[in-house]
Amino acid sequence: MEIAVVGTGYVGLVSGTCFAEMGANVTCVDVDEKKIKALLEGNIPIYEPGLDDMVQRNCAAGRLHFTTDLASCIDNVEVVFSAVGTPPDEDGSADLQYVLDVARTFGQNINKYTILVTKSTVPVGTAQKVKTVIDEELSKRGVNIQFDIASNPEFLKEGTAIKDFMSPDRVVVGVDSERAKEVMSRLYRPFLLNNFRVIFTDIPSAEMIKYAANSMLATRISFMNDIANLCEKVGADVNMVRKGIGSDSRIGSKFLYPGCGYGGSCFPKDVKALIKSAEKYGYEMHVLKAVEEVNKYQKTVVFEKLNNYYKGNLQGRTIAVWGLAFKPDTDDMREATSLVTIDLLLKAGCKVNVFDPIAMDECYRRLSNSVAYAKDMYDALNNADALLLLTEWKQFRMPDWKQVKKLLKTPLVVDGRNIYDAKELAENGFYYNCIGR
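Numbered according to the numbering used here, the sequence shown spans residues 725 to 1161.
Spelled out as structure tokens, the structure:
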């Protein structure tokens, strides 16, 4: 099966590579000439475990191709996936200019029945805008070519994206014709041979499912963080509370881990976009507005715990930060808690030493020389007045506490992800603070 994927960002590159791995002939398209040149040279622009090897393997097998020109391959494909970015506008709503640009190029170049599938996360009603743009382009050409549009939201988690794509727990496809349904069923059948779980819906429902899913997960996180903050006030242990409510089969245990706030490319953007979408229809999303407020506050909690320990006297202190990415197994720092925490530390007059196993280059791109970049996790601790843990990378989970204590000027650890044992830290002579206890 021949397909094209427009956009070689996180979603597009992972999706295109995984389709190629399953035997499809895939052309990935991007207007960024430097990115395509780098991909042709075997350089992957994002960090995702296992992706480098998979790209190289499928390029060598002749199933994965890269180009800047959709028109050069569109006559050969049955399906074009649109996986371009939908960055938030200043008001938080999704910017659809790149999605509509793809639709325009599609309408200008198709010469036979082809399906345009939106994989980007877009507000309800986007499909109709896409269809209108394509119809306008076909009208300009004076041709009547059949096409379909579809919505196929992605549910990839950074760090496990390949596994998520290759073994999905469900695939959501919004269509409005039997012909499109048959083509999309054929495309996804190899991924779901043992449990063919494609959920076909109308297109608006598929568009809504993505926003609703991410907003629900964000809500669970903010709810648990709110409970954690109350636990500290009343003397309860949030870990015990989490286990207690998570054992209820109606609730479950996933996304109930308290911490110092969620970030990344999906949850913050999608919550904002859904709130704005509702406003356009005259409806206020009261719960999601609260979710946003809790998360905004939660990103300041680690700093406030440090500031309280030093009674507001942070000027001139050196603070070590372990973890910069918004979560482990990615270099993504979009909406990361580390950015908020570091900004507060710098404004308070601190010197900041940082270390992350993967995201150091991304941090330098964002913060330049405003922080000091350590060569390893222990180097970050030299003469520091405290250690702040912001990302729960595996290599941070079992540190040599004797060495940590030796390097720190003050044996203070603020754990923003609750990965350490309070009793162990106390036995090693540390002042330990975490979330919700």
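Quick reminder that beta carbons are idealized off the backbone N, C-alpha and C, glycines included.
Between Arg-1058 and Phe-1050 a beta carbon distance of about 7 Å is seen, short of the 8 Å cut, so the two are scored as contacting. Less than 7 Å divides the Cβ of Ile-839 from the Cβ of Ala-904. Under DSSP, Asp-872 shares a beta bridge with Ile-839.
Considering only Trp-1125, Thr-741, Ala-851, Val-1137, the residue with the shortest C-alpha distance to Tyr-1033 is Val-1137. Here Asp-950 is buried: its Cβ has 16 or more other Cβ atoms, across all protein chains shown, within 10 Å. Contact between Ile-873 and Ile-834 does not hold, since their C-beta atoms are separated by about 12 Å, which reaches or exceeds 8 Å. Spanning the alpha carbons of Ser-806 and Glu-726 requires a straight line of approximately 15 Å. Contact annotation, Val-848 with Asn-876: C-beta distance approximately 15 Å; criterion of less than 8 Å not satisfied.
With respect to Thr-810, Ala-818 sits close: the two C-beta atoms are nearer than 7 Å. For Lys-993, the secondary structure class from DSSP, reduced to helix, strand or coil, is helix. In the three-state scheme derived from DSSP, where H, G and I count as helix and E and B as strand, Asp-1139 is classed as strand.
For the set Asp-926, Met-746, Tyr-1155, Thr-792, the Cα lying nearest the Cα of Ile-760 is the one of Thr-792. In the structure shown, Lys-1071 falls within a helical segment according to DSSP collapsed to helix, strand and coil. Around the beta-carbon of Glu-931, 16 or more other beta-carbon atoms lie within 10 Å, marking it buried. Sixteen is the threshold: since fewer than 16 other Cβ atoms of the shown chains lie within 10 Å of the Cβ of Ser-891, the residue is exposed. In the DSSP assignment, the residues bridged to Ser-806 are Val-730, Thr-842.
Note on geometry: alpha-carbon atoms of Ala-785 and Asp-776 lie some 14 Å from one another.
Here the alpha carbons of Tyr-1021 and Arg-1161 stand approximately 17 Å from one another. Under the 10 Å beta carbon count, Thr-856 is surrounded by fewer than 16 other beta carbons and is classified as exposed. Here the segment 795-806 does not lie against the segment 760-772, with fewer than 3 beta-carbon pairs under 8 Å apart. The bridge partners DSSP lists for Gly-898 are Ser-875, Thr-925. The three-state reading of DSSP puts Thr-792 in coil, since its state is none of H, G, I, E or B. Of Glu-1028, Ala-1110, Tyr-1007, the smallest CA-CA separation from Lys-1133 is found for Ala-1110. Per DSSP, Asn-749 is one residue of the beta strand (DSSP E) stretching across 749-753. Taking C-alpha positions only, Thr-1115 is separated from Arg-1141 by approximately 7 Å.
In this structure, DSSP gives Phe-1154 a state outside helix and strand, which the three-state scheme calls coil. Met-1101 counts as buried, since no fewer than 16 other beta carbons sit within 10 angstroms of its beta carbon. Under DSSP, Val-1078 shares a beta bridge with Val-1045, Tyr-1097. Exposure of Val-867 is indicated by the presence of fewer than 16 other C-beta atoms within 10 angstroms of its C-beta. With contacts defined by Cβ atoms closer than 7 Å, Val-854 and Ala-827 form a contacting pair.
Looking at the DSSP output, Leu-1111 shares a beta bridge with Ala-1044, Val-1137.
In this structure, Arg-944 is the residue among Arg-944, Val-958, Pro-773 with its C-alpha nearest to the C-alpha of Ile-969. In the assembly as shown, Met-948 is a buried residue. Its beta-carbon has 16 or more other beta-carbons within 10 Å.
Residue state for Pro-812 is assigned as strand, using DSSP reduced to three classes. Residues of the same chain with a CB within less than 7 Å of the CB of Leu-1149, apart from the 5 flanking positions on each side, are Val-1137, Tyr-1156 in chain order. Short of 7 Å from the beta carbon of Val-965, and not among the five residues preceding or following it, lie these beta carbons of its own chain, in chain order: Ile-951, Cys-955.
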